[in-house]
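As numbered in this note's numbering, residues 3 to 324 make up the sequence shown, in order.
From the three backbone atoms N, C-alpha and C, an ideal C-beta is built for every residue, glycine too.
It should be emphasised that the depicted structure is a prediction, and the values quoted were computed from it without experimental measurement.
Taking it in order: structure first as structure tokens, then the write-up.
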Amino acid sequence: MTALKQALEGVKTVVILGHVRPDGDCIGACLGLYNYLALAYPDIKADLYLEDRNERFSYLKNFDKIQTEAAEKVYDLCICLDASDKERLGKFAELLDEAANSLCVDHHITNTRYAKENVIEAEASSCCEVLYCQMDESLITKEIGECLYTGIIHDTGVFKHSNTSGRTMAIAGKLMDMGIDFGKIIDDSFYRKTYVQNQILGRALLESIVFLHGKCIFSAIRAKDMEFYGVTSKDLEGIVDQLRVTEGVECAIFMYETGVQEFKISLRSNSCLDVSKVAQFFGGGGHIRAAGCTMSGNLHDVVNNLSAQIEKQLESRPCITE
Ligand code: AMP
Ligand code: MN
Ligand code: MN
């Protein structure tokens with residue numbers, strides 16, 4: 003029996019939570035599970051809370067059921083998806099504390115196993131991949147498949163990151179066989195950009211700086227620039243991935259200002275550099291090749307502190323190059 007099936011035994015109410023600034027994997031997993039419960043466990047009353055609803059994913063079934071404000075309610079079971087630590091649950095963390103039981107399904111190497119039951123597969127491409135293996139295959143409908151496929155393509159960068167495995171492709175293949183419009187999902191939810199999203203991407207690339215002899219690239223967007231272009235954090239997705247494919251670069255850093263002297267940092271690695279260690283040093287987390295954290299201070303200090311840690315990591319595990 004899977005941990006999910008076991009946790010759901012005798013349960014009447016479930017709350018599903020994801021992480022702050024929910025991404026495609028988080029929203030895909032949360033809605034995938036919500037739709038699965040509705041079908042496989044019709045007697046269970048489930049609520050899904052996320053910090054915000056990114057309209058990019060509005061094609062997913064029951065997207066309109068995502069609630070952004072928690073009700074005063076205590077649940078039998080709290081299921082946390084794609085969130086590596088309790089802080090990542092943001093303002094909904096209380097619901098986890100109050101629930102009678104809890105289950106975390108995740109794929110972050112930095113997961114702190116904060117729930118009562120934890121299914122953590124650091125090798126998995128995405129939370130959606132782990133979740134798929136927790137579900138009864140015969141009960142996965144096309145609509146659930148669309149949710150899980152969305153999560154997989156977002157966390158693998160459409161099957162190209164090193165976290166993509168044969169199992170990832172096998173699962174994606176099974177989901178494709180359900181008749182999902184995979185080309186449309188990939189285009190509309192991953193590649194499509196609005197005009198301003200392209201503008202801010204262009205600006206970030208234009209102002210990027212390489213350092214550590216071309217091994218690192220960095221770019222920052224100020225709050226005033228975000229205001230000028232009329233963009234929010236959701237519009238900045240993908241910028242760090244474009245920086246990462248710069249020739250010769252081993253580490254890409256993208257940051258944007260979230261408040262007075264506060265920056266959200268995204269890190270990507272192309273090599274043996276473990277950016278989850280860098281992010282963890284600053285109180286964040288993630289994966290070996292994709293991680294993030296929040297840092298305080300002026301831009302200059304933040305970059306200096308980051309680059310010192312990156313240099314240290316690079317030195318502690320030097321890359322073997324031909
Ligand atoms: P991002 O750069 O925000 O796309 O995040 C890259 C990866 O790092 C994702 O798997 C995130 O879940 C994780 N991550 C980002 N920020 C944090 C943070 N502050 N704490 C823990 N994990 C994070
Ligand atoms: Mn995520
Ligand atoms: Mn994920």
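Asparagine 37 and histidine 163 have their alpha carbons spaced roughly 28 Å apart. In the three-state reduction of the DSSP assignment, serine 273 falls in the coil class, being assigned neither a helical nor a strand state.
Scanning Asp45, Gly26, Gln263 and Ile111 for the CA closest to the CA of threonine 15 turns up Asp45. In this structure leucine 19 is in contact with leucine 98, their Cβ atoms being roughly 7 Å apart against a cut-off of 8 Å. In the structure shown, the three-state DSSP call for methionine 257 is strand. Here isoleucine 187 is not bridged, per DSSP, to any residue. Counting only the Cα atoms, phenylalanine 284 lies some 21 Å from serine 273. Counting every other CB atom within 10 Å of its CB across the protein chains shown gives glycine 185 a total below 16, marking it as exposed. In the assembly as shown, serine 221 is a buried residue. Its beta-carbon has 16 or more other beta-carbons within 10 Å. According to the DSSP assignment, glycine 204 belongs to the alpha helix (DSSP H) that extends over 197-208. For glycine 294, there is no enclosing alpha helix (DSSP H); the residue is part of the beta strand (DSSP E) that begins and ends at 292-298. Membership of glutamate 119 in the beta strand (DSSP E) is indicated by the continuous run 119-122. The beta-bridge partner set that DSSP reports for asparagine 103 consists of Leu79.
Here DSSP, grouped into helix, strand and coil, assigns aspartate 108 to strand.
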